[in-house]
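Top line first, the protein sequences correspond to chains A and B. Counting from 1, one number per residue, gives the positions in the first sequence under my numbering. Counting from 1001, one number per residue, gives the positions in the second sequence under my numbering. Everything below concerns the one structure shown next.
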Amino acid sequence: MNEDELYDKLERYVRGKLPPDEVEALERDMAADPDLQEQVRLHRLELESHEFLLREKLRRNVRDWIAETPPEPPAPFWKTWSLPFLLIAFAVIGFWYIGREKAANSEPPTEQPGPELKKPPVSTPDRPIAQDEPAKTPPAARPDPGYLALAETNYRTPTHLDGGDLKSEGQADTAATPLAAGIRAFQNGRYPAAIRELSKVGETPDPDEYAQAREWLAHAWFRRGLETKDFRQAVVHFQQMALQKDNDPAQQDRADWYLLLSLLPDYPQHPARVDSLLQNILAVKGHTYFSKAKRVQDALIKI
Amino acid sequence: MQTRWNDAELFEAIRGRESDRNRALQYLVQHAGWRGQVMRHVLANSGTEEDGEEVFFDALCTFDRNLREDKFQEKSALNTYFMGIAKNKWLKRLARHRPTWDAEQLYPKDQMQTGSSEETIISAEHEAVFARIMAEVGERCKRIFELFHLGHSMAEIAAETGISDADQAKKEKSRCKKRLLNLLAERPELRNFFNER
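Structure, rendered in structure tokens:
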């Protein structure tokens, strides 16, 4: 069996498409052949890497589909008001009926008293009225000051963003794009405005511009988090950046590091996530933020 | 007006060609109301909107994969199956991040969910490794892998990727595959991948 034939067979095996008799024979061979076991392991990893591709594509699609989903239109007038109207109508009819029965009972008693009237159900004010109403997003827990300080002192806007892509003040002022306006607002410390402008940058036509805007946006959310003590949006945006499949190593390193810093203020809520990110960075000797991550790890142990 | 898809149509489309699968998944995200169901469930059980979005996405990935891999036994409606997966995902997430949470408080034993809890989602660390490997194999190989994985024929792959014919597509796929296997073999982080999931 040549290499291509073997690969074809293993591919069918890991995809569950090999006939049972061939499966049995292959598993017998595997039991006695470590090299074959390794080939099967690699083919399983190959399958997982294909799933990874589909998953990343689906992630992008889902993001776009959610963004383009129109908000639910308000219910028509008759739908909004029909239920309360019906309830009121039933209540009026009910009271009228009860009143009529009472009037009948107050007439001179006969030999046989009428059946006791059943009380109408009493409303229970402590019962929630609209149980399906979606709950509001709970406010972020206040970050621990020690972890917050650790995140803040380790945060620097990356050098390639620090000067911005605006060549001069004049260009920034005259630039009419949301990206330029967002960068300008960021540089002036107006983070809510930066977030608003940078969120407008669409995915087309220039993918580099979009990636740049997303990175600025993530930093704007982090800076805003320092003001509001709520880093959840920074986490979301740096995580999206970290999971982009086309990242070059430098981008990936930045995404890992800033995701870590965004998670750090709320360390007690997700220690495993922070620890594994730290381990991930520290596992790569050439990682841009290796030494900084080491310092954070040491500081965490002390805290 | 959005056409309603029934279970049989969704099932076939998700297991079908890439374009059909995309249309079905888009319908589920935008119009089927499943995302809102997950969101309400997570919010009602101590989660945030961010948790809800993540659980919905993870559940959608598992649901999609299970259907393609014949793991759905057709014992329930697709929505019931999906919500079972989503609830299990949320339960696992709670257990991971809030170990003191009482699972039975959320899901009494007699109401345990039927969806598969099999872990098809990989860790962020492994995702990062796969991302780096895929960056090295190149765009054309990635596209070939996607189409092949979804069951497209070599002729379809050739047409989609601008390769002259099915034979050339097969050769190209073989070349891509060998490159990918070499890259996978070089990564020690993946040595225990299947034990760490």
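For each residue, glycine too, the CB sits at the ideal point set by N, CA and C.
DSSP on residue i, reduced to helix/strand/coil?
{"i": "L161/A", "result": "helix"}
{"i": "V201/A", "result": "coil"}
{"i": "S291/A", "result": "helix"}
{"i": "I1122/B", "result": "coil"}
{"i": "P20/A", "result": "helix"}
{"i": "W1005/B", "result": "coil"}
{"i": "F1056/B", "result": "helix"}
{"i": "Y155/A", "result": "coil"}
{"i": "D1051/B", "result": "helix"}
{"i": "E1156/B", "result": "helix"}
{"i": "G99/A", "result": "helix"}
{"i": "N1195/B", "result": "helix"}
{"i": "L86/A", "result": "helix"}
{"i": "D305/A", "result": "Outside the modelled stretch of chain A, which goes from 1 to 303, sits residue 305/A, for which no answer is possible."}
{"i": "R190/A", "result": "coil"}
{"i": "A94/A", "result": "In the sequence as presented, Ala is not what sits at residue 94/A; that position holds Gly. Helix at G94/A."}
{"i": "F1072/B", "result": "coil"}
{"i": "R1065/B", "result": "helix"}
{"i": "L1150/B", "result": "coil"}
{"i": "G1084/B", "result": "helix"}
What are the boundary residues of the alpha helix (DSSP H) that residue i is part of?
{"i": "S276/A", "result": "P271 to L282"}
{"i": "G182/A", "result": "P178 to Q187"}
{"i": "A250/A", "result": "P249 to L263"}
{"i": "P34/A", "result": "P34 to E68"}
{"i": "T228/A", "result": "P207 to T228"}
{"i": "D1020/B", "result": "E1018 to Q1030"}
{"i": "Y267/A", "result": "That residue, Y267/A, is in no alpha helix (DSSP H); it is neither H nor E in DSSP."}
{"i": "G1138/B", "result": "Looking at the DSSP string, G1138/B is not in any alpha helix (DSSP H), and its letter there is neither H nor E."}
{"i": "E1172/B", "result": "A1166 to A1185"}
{"i": "E3/A", "result": "E3 to V14"}
{"i": "G1036/B", "result": "W1034 to A1044"}
{"i": "F238/A", "result": "R232 to A242"}
Output, in chain order, the set of chain B residues within a Cβ distance shorter than 8 Å of residue i.
{"i": "L42/A", "result": "L1181, L1184 and A1185"}
{"i": "N2/A", "result": "Those within 8 Å of N2/A in chain B number zero; the least Cβ separation is about 11 Å."}
{"i": "R232/A", "result": "T1048 and E1050"}
{"i": "A149/A", "result": "Within 8 Å Cβ-Cβ: nothing; A149/A doesn't reach chain B, min ~23 Å."}
For residue i, decide whether its Cβ has a neighbour in chain A, counting only Cβ atoms nearer than 7 Å.
{"i": "F1011/B", "result": "no"}
{"i": "L1190/B", "result": "yes"}
{"i": "E1018/B", "result": "no"}
{"i": "K1171/B", "result": "no"}
{"i": "E1054/B", "result": "no"}
{"i": "C1176/B", "result": "no"}
{"i": "F1072/B", "result": "no"}
{"i": "C1141/B", "result": "no"}
{"i": "E1146/B", "result": "yes"}
{"i": "F1057/B", "result": "yes"}
Can the beta-carbon of residue i be found closer than 7 Å to that of residue j?
{"i": "G182/A", "j": "L198/A", "result": "yes"}
{"i": "Q239/A", "j": "L259/A", "result": "yes"}
{"i": "V1029/B", "j": "V236/A", "result": "no"}
{"i": "H1126/B", "j": "H50/A", "result": "no"}
{"i": "L10/A", "j": "Q39/A", "result": "yes"}
{"i": "I301/A", "j": "Y289/A", "result": "no"}
{"i": "F52/A", "j": "F1130/B", "result": "yes"}
{"i": "I1014/B", "j": "D1064/B", "result": "yes"}
{"i": "P271/A", "j": "P143/A", "result": "no"}
{"i": "T1161/B", "j": "R1143/B", "result": "yes"}
{"i": "L278/A", "j": "Q297/A", "result": "yes"}
{"i": "I1133/B", "j": "L1183/B", "result": "yes"}
{"i": "A211/A", "j": "F222/A", "result": "no"}
{"i": "R254/A", "j": "L263/A", "result": "no"}
{"i": "A1032/B", "j": "V1055/B", "result": "no"}
Using a beta-carbon distance below 7 Å, is residue i in contact with chain B?
{"i": "W96/A", "result": "no"}
{"i": "H50/A", "result": "yes"}
{"i": "E46/A", "result": "yes"}
{"i": "R12/A", "result": "no"}
{"i": "T177/A", "result": "no"}
Residue i versus chain B: which residues are under 7 Å apart at the beta carbon?
{"i": "I66/A", "result": "V1029"}
{"i": "N280/A", "result": "E1125 and A1128"}
{"i": "V236/A", "result": "E1050"}
Mind listing the chain A neighbours of residue i? Cutoff is C-beta to C-beta under 8 Å, in chain order.
{"i": "Q1026/B", "result": "N61 and W65"}
{"i": "L1060/B", "result": "L58 and V62"}
{"i": "N1022/B", "result": "N61"}
Return yes when at least one heavy atom of the ligand ADP lies under 6 Å from the C-beta of residue i, else no.
{"i": "A1131/B", "result": "For the ligand ADP, the structure offers nothing, since it holds no ligand at all."}
For a contact meaning CB atoms closer than 9 Å, what does residue i contact in chain A?
{"i": "A1131/B", "result": "F52, E56, A242, L243, Q244, K245, D246, N247 and Q252"}
{"i": "A1135/B", "result": "K245, D246, N247, D248, P249 and Q252"}
{"i": "F1193/B", "result": "R41, R44, L45 and E48"}
List the residues of chain A whose Cβ lies closer than 7 Å to the Cβ of residue i, in chain order.
{"i": "H1149/B", "result": "H50 and L54"}
What in chain B is Cβ-close to residue i, meaning under 9 Å?
{"i": "G276/A", "result": "It is Ser, not Gly, that sits at residue 276/A in the sequence shown. Correct list: S1123, A1124 and E1125."}
{"i": "Y7/A", "result": "S1174, K1177, K1178 and L1181"}
{"i": "T69/A", "result": "V1029, Q1030, H1031 and R1035"}
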